[in-house]
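Trainee: There's a structure below that I have some questions on.
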Amino acid sequence: MQPAEAASNATQSELAALEFVLSPAAAPLLEELAQASLDEAHTLTLLTRLRRTVAPALATALLTQARLRRRAQVKFTAAARMVFTAEALEQATAETPAAQRAAQLDALAGEGRLLDLGCGIGGDLVALAQRREVVAYELDAVRARCAQHNVAVHGLAARVTVHGADWTQALAAGDLPHAAAAFIDPARRSGGRRIFSLHTMQPPLGEILKLRYSIPLLAVKVMPGVDAAELPAGCNVEFVSHAGTCKEAVLWFGREDAPPRWASVQREDGWHTLPNDGTPPPVGELAPGMVLYEPDPAVIRAGALTPLCIRVGGHLFAPDIAYIVAPALRDEPLAQAFAIDETHRFSLKLLNQRLATLGVGQVELLKRGFPEEPEALRPRLHLTPSGAAGVVIFTRRGDAHWMLIGRRLSKFR
Numbered sequence: 464m465q466p467a468e469a470a471s472n473a474t475q476s477e478l479a480a481l482e483f484v485l486s487p488a489a490a491p492l493l494e495e496l497a498q499a500s501l502d503e504a505h506t507l508t509l510l511t512r513l514r515r516t517v518a519p520a521l522a523t524a525l526l527t528q529a530r531l532r533r534r535a536q537v538k539f540t541a542a543a544r545m546v547f548t549a550e551a552l553e554q555a556t557a558e559t560p561a562a563q564r565a566a567q568l569d570a571l572a573g574e575g576r577l578l579d580l581g582c583g584i585g586g587d588l589v590a591l592a593q594r595r596e597v598v599a600y601e602l603d604a605v606r607a608r609c610a611q612h613n614v615a616v617h618g619l620a621a622r623v624t625v626h627g628a629d630w631t632q633a634l635a636a637g638d639l640p641h642a643a644a645a646f647i648d649p650a651r652r653s654g655g656r657r658i659f660s661l662h663t664m665q666p667p668l669g670e671i672l673k674l675r676y677s678i679p680l681l682a683v684k685v686m687p688g689v690d691a692a693e694l695p696a697g698c699n700v701e702f703v704s705h706a707g708t709c710k711e712a713v714l715w716f717g718r719e720d721a722p723p724r725w726a727s728v729q730r731e732d733g734w735h736t737l738p739n740d741g742t743p744p745p746v747g748e749l750a751p752g753m754v755l756y757e758p759d760p761a762v763i764r765a766g767a768l769t770p771l772c773i774r775v776g777g778h779l780f781a782p783d784i785a786y787i788v789a790p791a792l793r794d795e796p797l798a799q800a801f802a803i804d805e806t807h808r809f810s811l812k813l814l815n816q817r818l819a820t821l822g823v824g825q826v827e828l829l830k831r832g833f834p835e836e837p838e839a840l841r842p843r844l845h846l847t848p849s850g851a852a853g854v855v856i857f858t859r860r861g862d863a864h865w866m867l868i869g870r871r872l873s874k875f876r
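Sequential numbering of the sequence shown, starting at 464, is according to this note's numbering.
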């Protein structure tokens, strides 16, 4: 059997299993699984029970889908009715950032439909279709079928066309539909392993840039750790933070309204943005009694530290360490804050002495610019049973390693 033929047979088998998962016969079995404990320890028991009703391959498909639905609940409110593949779920955009991006595309694009190129299981596709009609492309047949179902779950099937095809070939043949804007989500995983270069994504950046000749507005989702040296001319970069984590970067083409780099951060009260203004942040002293601000990861990735320093009335204590210190606490949604009670050159012996003197029983460990993982030090710390809560921040100034002892004042919210 040739490799292509084997791959085709595997895809057909996966599609058949997915169709069964979507069938009325599977619904009561999935409902039972939704109420069950799905951890690995129960795998044999669950499969044995399912195999009394369905073939072994279908039993595996049902259990896999039930686990994916449970995992997807952190991303999708309708996860219990949607379908997924493991790798596509990892790459899929959660509802909140997908909605924020769709709103930007809708507000900035001229009249006309949108394209979703590489739609995966449809996380962004649902958000886009809530705004406009969308034509989507997905080369993987199983993911394309998932996207069709997931759009229908949200009542949007009439606004979406999903092509199970390679959009780069459609573009080369002149068959890609005209659109006001396009969202592109290239594959950044292969065989379960992450891809870290814009030039090894599928499709690579060079193929994606060909769209600029025919589509006026493009948004390309890439890895949050994108290498600045790989960024092409003419793009603006948005770093997106959701639930306290910088989840992704977006390369925008055709946006004269945007700064070169900026952070978009989701908080309880909505979205906050902060631009990189191109100026270096101020650097100054570090002393006990100050408040230390740890910026949201998207702010750091965007290099938007100077505006944040201005907002909190502070400065960096080292030019290469993204901690801001200020004389007083301010309400700042784009950073979490800590009171700095003591500053010392790093010494484990001294740290234990100070923790004992302060009566610290619960300690939070953070680091930036420190060579060791703080958790590796935890077993060696001497804490007071039922003692107070404290924070130790391990960092660096120049060539010296420091430890800052204090208390948490606020969290990312």
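All C-beta atoms in this analysis are idealised placements derived from N, C-alpha and C, irrespective of residue type, glycine included.
A quick note: this is a predicted structure, and the numbers were derived from the prediction, not measured.
Which residue's Cα is closest to the Cα of L811: P758, P842, L797, Q799?
Mentor: As a first step, residue 811 is located in the sequence shown; it is residue number 348 there, counting from the start. Comparing Cα positions, the closest option is P842.
Trainee: Which residue or residues does DSSP assign as beta-bridge partners of F833?
Mentor: For this step, residue 833 is matched to residue 370 along the sequence shown. Its beta-bridge partners do not exist; DSSP assigns none.
Trainee: Compare the Cα-Cα distances from A781 to each of W725, A518, T858 and report the closest residue.
Mentor: Start at 1 with the first residue of the sequence shown, and residue 781 comes out as number 318. That would be T858, whose Cα lies nearest to the Cα of A781.
Trainee: What do you get for F702, buried or exposed, if any count of 16 or more other CB atoms within 10 angstroms of its CB means buried?
Mentor: Translated into positions along the sequence shown, residue 702 becomes position 239. So F702 ends up on the buried side.
Trainee: Count the C-beta pairs between the stretch 518–525 and the stretch 488–506 that are closer than 8 Å, then say yes if the count reaches three, no if not.
Mentor: Yes: at least three Cβ pairs fall under 8 Å.
Trainee: Starting from P738, follow the beta strand (DSSP E) in both directions and report where the run begins and ends.
Mentor: Here residue 738 is taken as the residue at index 275 of the sequence shown, counted from 1. Segment 733–738, the beta strand (DSSP E) holding P738.
Trainee: So, A599 versus A643, is the Cβ gap smaller than 8 Å?
Mentor: Position 136 of the sequence shown holds residue 599. Position 180 of the sequence shown holds residue 643. Going by C-beta atoms, A599 is not nearer than 8 Å to A643.
Trainee: Looking at the structure shown, is G822 part of a helix, part of a strand, or coil, going by DSSP?
Mentor: The count along the sequence shown starts at 1 and reaches residue 822 at position 359. Coil at G822, not helix or strand.
Trainee: With distances taken between CB atoms, is the gap from L450 to L792 smaller than 8 Å?
Mentor: Examination of residue 450 is not possible in this model, given that the chain is present from 464 through 876 alone.
Trainee: Using beta-carbon positions only, say whether D804 and G869 come within less than 8 Å of one another.
Mentor: For the purposes of this step, residue 804 is taken as residue 341 along the sequence shown, with counting starting at 1. For the purposes of this step, residue 869 is taken as residue 406 along the sequence shown, with counting starting at 1. Yes, the Cβ-Cβ distance between D804 and G869 is below 8 Å.
Trainee: Is the separation between the beta-carbon of R595 and that of R564 shorter than 8 Å?
Mentor: As a position in the sequence shown, residue 595 is number 132, starting the count at 1. As a position in the sequence shown, residue 564 is number 101, starting the count at 1. Their beta carbons are not under 8 Å apart, which means R595 does not touch R564 by this criterion.
Trainee: For K874, collect the residues of the same chain with a Cβ closer than 7 Å to its Cβ; drop the 5 residues on either side in sequence, then sort them by chain order.
Mentor: For this step, residue 874 is matched to residue 411 along the sequence shown. Correct list, in chain order: Q799.
Trainee: How is G669 classed by DSSP in three states: helix, strand or coil?
Mentor: Position 206 of the sequence shown, counting from 1, holds the residue named residue 669. G669: helix per DSSP, three-state reduction.
Trainee: Going by the beta-carbon positions, is the gap between M664 and R651 smaller than 8 Å?
Mentor: Taking the first residue of the sequence shown as position 1, residue 664 is located at position 201. Taking the first residue of the sequence shown as position 1, residue 651 is located at position 188. Cβ atoms of M664 and R651: closer than 8 Å.
Trainee: With a CB to CB cut of under 6 Å and the five nearest residues on each side skipped, what residues in its chain are close to G776?
Mentor: Here residue 776 corresponds to residue number 313 of the sequence shown, with the count starting at 1. Excluding sequence neighbours, G776 sits near A789.
Trainee: Mapping the DSSP letters down to three states, classify Y676 as helix, strand or coil.
Mentor: As a working mapping, residue 676 is identified with position 213 in the sequence shown. Reduced to three states, the DSSP call for Y676 is helix.
Trainee: Nearest-angstrom Cα distance between R831 and I784?
Mentor: As a working mapping, residue 831 is identified with position 368 in the sequence shown. As a working mapping, residue 784 is identified with position 321 in the sequence shown. Going from the Cα of R831 to the Cα of I784 covers about 7 Å.
Trainee: Under DSSP, the alpha helix (DSSP H) around V546 begins and ends at which residues?
Mentor: Position 83 of the sequence shown holds residue 546. V546 -> no alpha helix (DSSP H), and no H or E assigned at all.
Trainee: Taking the DSSP output, what are the residues bridged to W865?
Mentor: Counting from one through the sequence shown, the residue named residue 865 turns up at place 402. Bridge partners of W865: R808, T858.
Trainee: Whose CA, out of Q528, P560, C582, K538, lies closest to the CA of A549?
Mentor: For the purposes of this step, residue 549 is taken as residue 86 along the sequence shown, with counting starting at 1. The shortest Cα separation from A549 among Q528, P560, C582, K538 belongs to Q528.
Trainee: Between which residues of its own chain and I584 is the CB-CB distance below 8 Å, once the five residues before and five after are set aside?
Mentor: In the sequence shown, counting from the first residue as 1, residue 584 sits at position 121. Cβ within range, chain order: M545, V546, F547, T548, A551, L552, A555, R606, C609, A610, N613.
Trainee: Buried or exposed for S704, going by 16 or more other Cβ atoms inside 10 Å?
Mentor: Reading the sequence shown from its first residue, position 241 is the one you call residue 704. Per the 10 Å Cβ criterion, buried.
Trainee: Using CA atoms only, rank isn't needed, just tell me which of F659, L602, T540, H641 is closest to V616.
Mentor: Here residue 616 refers to the residue found at position 153 of the sequence shown. V616 has its Cα closest to that of T540, out of F659, L602, T540, H641.
Trainee: Do you know offhand how far S677's Cα is from A635's?
Mentor: Here residue 677 refers to the residue found at position 214 of the sequence shown. Here residue 635 refers to the residue found at position 172 of the sequence shown. Going from the Cα of S677 to the Cα of A635 covers about 12 Å.
Trainee: Using CA atoms only, rank isn't needed, just tell me which of H505, E827, A696 is closest to R718.
Mentor: As a position in the sequence shown, residue 718 is number 255, starting the count at 1. R718 has its Cα closest to that of A696, out of H505, E827, A696.
Trainee: Output needed for T769: all residues of its chain with C-beta closer than 6 Å, excluding positions within five of it in sequence on either side, in chain order.
Mentor: In the sequence shown, the residue the question calls residue 769 occupies position 306. The answer, listed in chain order, is D740, T742, P744.
Trainee: Between A851, T806, E827, A535, which lies nearest to A819 when the distance is taken from Cα to Cα?
Mentor: Working through the sequence shown from its first residue, we reach residue 819 at position 356. Closest option to A819, Cα to Cα, is A851.
Trainee: Have a look at V537, R764, G627, A543 and flag the residue whose alpha-carbon is nearest the alpha-carbon of L478.
Mentor: In the sequence shown, residue 478 corresponds to position 15, counting from 1. Measuring from the Cα of L478, the nearest candidate turns out to be G627.
Trainee: Is there a Cβ from chain C that is less than 8 Å from the Cβ of A497?
Mentor: Reference to chain C is not applicable here, since this structure consists of a single protein chain.
Trainee: Tell me D579's beta-bridge partners as DSSP assigns them.
Mentor: Translated into the one-based positions of the sequence shown, residue 579 becomes position 116. DSSP, once it has assigned bridges, lists A599, F646 as partnering D579.
Trainee: Are the CB atoms of L681 and I658 nearer to each other than 8 Å?
Mentor: Stepping through the sequence shown from its first residue, residue 681 is reached at position 218. Stepping through the sequence shown from its first residue, residue 658 is reached at position 195. Not closer than 8 Å, so no.
Trainee: So who's on the other strand from T624, going by DSSP bridges?
Mentor: Along the sequence shown, one-based indexing puts residue 624 at 161. Answer is V598.
Trainee: P649 to K538, Cα distance in whole Å?
Mentor: For the purposes of this step, residue 649 is taken as residue 186 along the sequence shown, with counting starting at 1. For the purposes of this step, residue 538 is taken as residue 75 along the sequence shown, with counting starting at 1. Those two C-alpha atoms are separated by around 19 Å.
Trainee: Determine which residues share a DSSP beta bridge with W715 and list them.
Mentor: Mapped onto the sequence shown, residue 715 falls at position 252. W715 is bridged to A682, N699.
Trainee: Along the chain, where does the beta strand (DSSP E) containing V788 start, and where does it finish?
Mentor: Walking along the sequence shown from the start, residue 788 turns up at place 325. Run containing V788: 787–789, per the beta strand (DSSP E) assignment.
Trainee: Give the single residue among P796, L602, F809 whose Cα lies nearest to the Cα of D732.
Mentor: Here residue 732 refers to the residue found at position 269 when the sequence shown is read from its first residue. Minimum Cα distance to D732 is reached at P796.
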